[in-house]
Ligand SMILES: Cc1ncc(COP(=O)(O)O)c(C=O)c1O
Ligand SMILES: Cc1ncc(COP(=O)(O)O)c(C=O)c1O
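Protein chains in written order, with our numbering: chain A, 151 to 575; chain B, 151 to 575; chain C, -5 to 142; chain D, -5 to 142.
What follows is the structure, given as C-alpha cells:
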C-alpha cells in the first residue's frame, strides 16, 4: 500500500467498520455488490431532509429553491466527476438497471426484424434482459461477444463471425466486468460499432467507482450508465450520461410530471433532456447524497483510489494464487504486487484437497462466521458463469477503505473453510 | 382543532419548522407537493446507511441479512399500513409515476386498435402521459371523464357517452385530486369498470398520506399507486399495490438483476411478484425510511390525522371564502368548520379589487417573502386547469404538522398580496 | 431582498399594459415556447426587413415577470438590427444570471434594467427569460428561412 | 451460532453422498425450481402409485444445505403417502421458520432434524426449502393430472 494513502483516515469516516460480527472485526469485501457509505454522504442527506426538503422545479419558494439548488448542484457535481461537457448530459434514474432500460427502450424504439443488437456474454443481467425484452418486442436479433480462455472479449471470433455488421444498430457492453475484473477496450469497440453506424451503450457501473473515466466523451460511447450505491452514494439513484445530440434525438421513456412541455388530453409534447427522461419527483435527496459522494471521492483523490485498489487487488490475487484449491475466474497476473489493467472484483472457486467443490454459499456462510463479507452466487451474471463452466463463484471486492490486513483475514478464513469441508470428507 | 391532537408535539419532530424565512417563521403549506420529514424517518435511514448497509437478497452475510430484514420489513410495514393481504402485494418503484408507468406498460402490453383506455380530466400528468404513450404505441384509444361545475366527475355525461363499454380495457383515475381536493367514488367506478371486464388502476398518491385506505382490496381496484415522499417518507420510493392474481398475470416491465428466475443469453424467465417488477438494486434505505414513516403516521394515529386535516382544511376554506377576490377551485363547503369529504389540497385564483388576475407565481413569490410556502402553477394537471378556464392556480396543502395559526398567516399574506397588486394599478 | 425591489413599478406597468401584445401579420417566423415547470406559455412572431426587426408580436400567458419582460423586450428590439437585438439579449441574460451582482447599463437596456431585482430570485429568472428565448429562436428561424 | 452447529455431520454426509440423485423413469410429474437470488436450481421428478410416493429423483446444483436437504427429503417421502409427505413438508417448513426456537421431533423428521441449525441463518432457510418446494409442486401436478 502506498505510504501516502492514509487508509485509516478514510476508515474513520465509515463507522460500520468498527463493528464486530460474531466476535470478529467486520471485514467488508463486498463493495462490488454495494459500497459502504461515509458519514459526510449520510450527513448531507440528513441535513437536506431535515432543513431544506421540498420538491424541485415546481416549488419556487425558498425551500423549493434550496432543494432545487441541491438537486441541480448534485447534477453539476456528477457531471464534473465524469468530465461531462454540461450538467444537461446527466440523466438521473433509480439505478443502473433503469438507465440501461432507458437506453434499450429509447434506442430500441425504431428497431425491427433484421436489425441486430450486440452485447457480450460477460454482461450483468441488467445489460442483458432489457435488450432481450426489446428484441422480443421488436423482432430484432440479439447477438453477443464470447470470451477467450484468458477472460477477455474474443474479438477475433467476433470478426470471424462478422458480429458487428451493417445490420447492427446497437452495441452495449460493460466497461469493467463485475465478475472477472476484465477491463474492456471501450474506445476500440465504440469505433468499431460507430463504423457501421450503430449506437454504443457502455455499462460503467463497475468502472466509475474507481477509475477516473473522464472526460466521458473520450470513451467514444453514446450513452453510459452507472449506479450511485456502488460509489459511496445512496440507493435509489443511477445515472445515464448521454452525448447532448444523442439525448436530444431520443423519444421519452417513462411519462409523468416534470418530463413534459405541454400536456393536452389529446397529446403531449416533451421537455428537453435531461428532464424528458426524469418522470415524476426525482431522487432529490439521493442526488444530494451522490453529489456528496463525488466530493468525497475527489477529496480522497481519484488516482490515489485507483492505485489503492490496484494494491489491494494485487495483494488478494497473490494471496489467492498461493492457496491450494482456489481457481481465479479472471485475469490474475500481478506486477510488483499490483493488479494490472483489471478492476477490483475477484471471483474464484474453492475445491478441497480431496476434490470437493465447496459451494459459494457455504463459503460465504463460513466466511461470515469470521466477520468476512463476500458475495457468493452468479453475481447477476449467470450466462458468464455457464460460459466458464461453473454454476456460481465467490467474489471479493475491495474499495478505498479496504486494507491488506482484511485480505489476510479473508485468506485465513478461506483456508479454514476449505479444510473444514475437506477434512470432513 | 381537536383538543386531543397535540400538534406541537408533532411539530417538534420536524426541525425545519423552527426556521425563519426572510425573517418570518416558516409556514409550510405545500405538503401535496412533498411533505416535510420527521426526525425518526431521517434517523432510521442514517442508522441503516451507517451501520447496516449492504445489498439485499444477493448478499447473504450478516450485513446483507440486516439490510434484507430492513427492506423486507419495510415492505411488511407498508403492506400493514394499507391493509394489504400479504407483503408480496407491494411492489416498490422509484415514485408514483414509475408505478403508473408500470401499470400502463404491463396492462397495455396486449392492447390494440379498437381497445379503449379511460382516464379523467382531473388526473395528474403522471396518470395521463403513460396512457398516452401506451395508446400511441398500441393504437388503442384514450378517452376521459369530464367534470361538472361542482368539481366532481361527471358520471351522467359519461353514461350518456357510453364512456365505459365493452371496448374498455383499462380505467385509471385518481382517488383524491391533488388540485380540487375532490374524492372520487372509487368503489362505484371500480364496479362499473369491472362490469365490462376492464382493469382498474387507482392513483392514490393524494389519498394514502391522510386517509386510512385499508383494507386496500376493499377499494375494488386491481392496482393502486402511491408515492413515498408525500407521506413523510423519502424521495426515491413509490409503491404499486396489486391484487396477487393480477400481479401474477402481468409481464415484466423493466429488466435486470433481481427480477429474473433464470437468465440465458437466448432468453430468460422471470421471478414471482413482487420481485418480477423490481429490476436492479431496489431503494433499500428508502424503503427503510418509508417503513419508519408508516410507523410514525400510525403512532400519531390515522384517524387523528384525517380529523386534523379536515379541521385545518375547513379553516382554510372558510378563511378563503371570506376573502374578496379569491375563487376556490374545488368543493369549498364546510360543516361546523370542517372540510367535508374532500382532501386537503385547496387551489384558488386571486383577483385584485380592480379586476387584475394576480398570477400564481407572483402570489407564490409574495407569500414566500413572508415565509409562506405554497405552490403556484398547474400542479402537473394542465388539462384540468384548461377545463376550469384558468392557466394556473395557487394551492395550499396542509398536513399533520399544520396549524390554524399558519392558515392565518397565509390569509394575511394573501390579503397583502392582492392589495399590493391591486393598489398599484 | 424585498419584493418591492423585485416588483418595480416599471415591471408592474408593463404587466398591466403590455406593449406590442397580440399576434400580427406579416411575419417571417412564429415560435411557441413554454416553461414546463410553471406552465407559462408564449407564441411569438417576428418580422424582419433584411437585417432589421420590423415587428415583434405575441400572445402569452404567464406571471408579471414573464409578461413584463416580453413587453420590454419588444420595445427594445423593434427597429434595431438583428445583431443589436442579439447583443441586448446576451446582455440581459448576463444580468439575469448575475445573482444581482451587476451594474445594469440603462443606456442599452432601458426599461429592462428594472429586472435586476429578479436576478436575486433564482426561481423567477426563467420567467424573465421566456420572451427573450422565444425571440432569439424566432429570429434564428427567420434568418435561416431567408438564407435558404 | 457457530458454523459447526449449522454444518452438522448429517448434512455434510448427505451433501457428499446424495441419496436418490439423478433423474429416473417412470415419473408422473417433473418440475424445475430455482432460487433466483443465489442461482441454486433443481429439476425434480415424482412418481406416484395412487396415494403413495414410489419414487423421487432429481438433478440439482446448489450449496450443501440445499443438496443435503433434498437428499434427506427424498429419503423421508419415498414410500410414504402423499398426505404423510405433505405433513412432513409442513413440519419441516415450520421448523425452518422457527429461528431455531423449536424442539424437532426425531421420530417424524429423522435426519431432517439436523437442519434445525439452519433455521438460525435466515439467509440459508431458502436453501433448505428448495427441494421441498419442488417436491410439493411436483406432487400437486401429479395429483392434478391423475384427477383430470
Ligand atoms: C395525484 C398524484 N399523482 C401522481 C403524483 C406523482 O408522484 P411522483 O412525483 O412521486 O411520481 C402526484 C405527486 O404529486 C400526485 O399528487
Ligand atoms: C456491471 C454492473 N452493471 C449493472 C449493475 C446494476 O446496478 P443496479 O443494481 O444499481 O441497477 C451492476 C450492479 O451491481 C453492475 O455491477
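C-beta: ideal position from N, C-alpha, C; glycine also.
None of the values given here were measured: they were computed from a predicted structure.
Flag residue i as yes when its Cβ comes closer than 8 Å to any non-hydrogen atom of ligand 1, and as no otherwise.
i                      : result
residue 187 of chain B : no
residue 544 of chain B : no
residue 183 of chain B : yes
residue 356 of chain B : yes
residue 530 of chain B : yes
residue 80 of chain C  : no
residue 255 of chain B : no
residue 31 of chain C  : no
residue 218 of chain A : no
residue 375 of chain B : yes
residue 250 of chain B : yes
residue 418 of chain A : no
residue 246 of chain B : yes
residue 327 of chain B : yes
residue 277 of chain B : yes
State the CB to CB distance for the pair residue i and residue j, rounded to an integer number of angstroms; the pair is presumed to be in contact (CB under 8 Å).
i                      : j                      : result
residue 290 of chain A : residue 375 of chain A : In fact, because the Cβ distance is near 20 Å, the residues do not count as touching under 8 Å.
residue 191 of chain A : residue 383 of chain A : 7 Å
residue 11 of chain C  : residue 111 of chain C : Residue 11 of chain C to residue 111 of chain C, Cβ: 20 Å. No contact.
residue 413 of chain B : residue 200 of chain A : With a Cβ gap of about 42 Å, residue 413 of chain B and residue 200 of chain A do not count as contacting.
residue 121 of chain C : residue 60 of chain C  : 4 Å
residue 77 of chain C  : residue 125 of chain C : Not confirmed; about 19 Å, so no contact.
residue 180 of chain B : residue 212 of chain A : Contact doesn't hold; Cβ gap of about 11 Å is too wide.
residue 226 of chain A : residue 237 of chain A : 5 Å
residue 33 of chain C  : residue 532 of chain B : 6 Å
residue 38 of chain D  : residue 132 of chain D : 6 Å
residue 272 of chain A : residue 324 of chain A : 6 Å
Answer yes or no: the CB of residue i versus the heavy atoms of ligand 2, is any distance below 8 Å?
i                      : result
residue 380 of chain A : yes
residue 274 of chain A : yes
residue 324 of chain A : yes
residue 388 of chain A : yes
residue 429 of chain B : yes
residue 337 of chain A : no
residue 330 of chain A : no
residue 370 of chain B : no
residue 406 of chain B : yes
residue 353 of chain A : yes
Any alpha helix (DSSP H) of 4 or more consecutive residues that is wholly inside the region 445 to 490 of chain A: 452 to 471
Exercise. Only counting runs of 4 or more residues, tell me where the alpha helix (DSSP H) segments fall wholly within the region 167 to 254 of chain B, in order along the chain.
Key: 189 to 197, 212 to 231
Count Cβ pairs between the region 357 to 375 of chain B and the region 386 to 403 of chain B that sit closer than 8 Å; are there 3 or more?
yes
Those runs of the alpha helix (DSSP H) which lie wholly inside the region 328 to 379 of chain B and span at least 4 residues: 336 to 345
Across the region 288 to 302 of chain B and the region 470 to 482 of chain B, are there enough close Cβ pairs to call them in contact, namely three or more that are closer than 8 Å?
yes
Item to complete: Give, in chain order, every unbroken run of the alpha helix (DSSP H) that is at least 4 residues long and sits entirely within the region 76 to 100 of chain C.
Response: 76 to 90
### Task
Determine contact between the region 434 to 450 of chain B and the region 208 to 222 of chain B, defined as no fewer than three beta-carbon pairs at a distance below 8 Å.
yes
Subject >> Every unbroken beta strand (DSSP E) inside the region 493 to 568 of chain A [3 residues or more] >> reply: 496 to 501, 525 to 527, 543 to 546
Note to self: Counting beta carbon pairs with one atom in the region 310 to 319 of chain A and one in the region 553 to 567 of chain A, are three or more of them shorter than 8 Å?
What the structure shows: no
*asked:* Quick check for students: name the residue ranges of the beta strand (DSSP E) that lie wholly in the region 401 to 434 of chain B, counting only runs of 3 or more.
replied: 410 to 414, 417 to 420
What are the complete beta strand (DSSP E) segments, minimum 3 residues, inside the region 266 to 299 of chain A? 266 to 270, 291 to 295
query = Touch check for the region 278 to 285 of chain A and the region 253 to 266 of chain A: three-plus C-beta pairs under 8 Å?
reply = yes
Check: Considering only residues of the region 2 to 80 of chain D, which uninterrupted beta strand (DSSP E) runs meet the minimum length of 3 residues and lie entirely inside it, listed in chain order?
Finding: 23 to 29, 34 to 43, 46 to 55
Does the count of Cβ pairs from the region 508 to 527 of chain B and the region 450 to 466 of chain B closer than 8 Å reach three? no
Q: Say whether the region 533 to 546 of chain A touches the region 499 to 512 of chain A, bearing in mind that this needs 3 or more beta-carbon pairs closer than 8 Å, one atom from each stretch.
A: yes
- Query: Between the region 97 to 112 of chain C and the region 78 to 88 of chain C, do at least 3 Cβ pairs fall closer than 8 Å?
  - Reply: yes
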